[in-house]
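Take any residue in the sequence shown, count from 1 to its spot, add 483: that is its number in the numbering used here.
Here a beta-carbon is modelled for each residue, glycine too, at the ideal position from N, C-alpha and C.
Let me begin by presenting the structure, written as structure tokens, before commenting on it.
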Amino acid sequence: MEKQMDDYSTREEYINDKLSDLKSRSMREKLMFYGLDESREEDCGVIVKTFIKDILLIDTHDIKLDRVHRIGPYSDRKHDR
Numbered sequence: 484m485e486k487q488m489d490d491y492s493t494r495e496e497y498i499n500d501k502l503s504d505l506k507s508r509s510m511r512e513k514l515m516f517y518g519l520d521e522s523r524e525e526d527c528g529v530i531v532k533t534f535i536k537d538i539l540l541i542d543t544h545d546i547k548l549d550r551v552h553r554i555g556p557y558s559d560r561k562h563d564r
């Protein structure tokens with residue numbers, strides 16, 4: 484019984500390590516921006532590119548955004564950029 488518990492513990496550790504590795508790999512080349520003002524009618528990609536260009540002062544001409552998603556509910560609060 485104790486050997487079986489050790490085997491399960493070893494398997495669980497292996498699976499957790501693999502899960503962490505997969506999560507890390509899936510986050511490659513991904514960026515997250517917080518606190519950007521946005522309304523329901525606006526395009527998230529346009530908001531992000533405008534932020535990168537105007538606030539971070541990075542040329543966005545060659546930047547390609549494959550997917551842009553918003554996270555969380557819309558807010559009526561205004562954030563300082």
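Residue range 485 to 509 is occupied by the alpha helix (DSSP H) that includes residue 505.
Non-local C-beta neighbours of residue 548 in its own chain, meaning closer than 6 Å and more than five positions away in sequence, comprise 528, ordered along the chain. Using a C-beta cut-off of 8 Å, the stretch 550 to 558 makes contact with the stretch 515 to 525, since at least three inter-stretch Cβ pairs fall below that distance. For residue 555, the secondary structure class from DSSP, reduced to helix, strand or coil, is coil. In the DSSP assignment, residue 532 falls within the alpha helix (DSSP H) that extends over 527 to 537.
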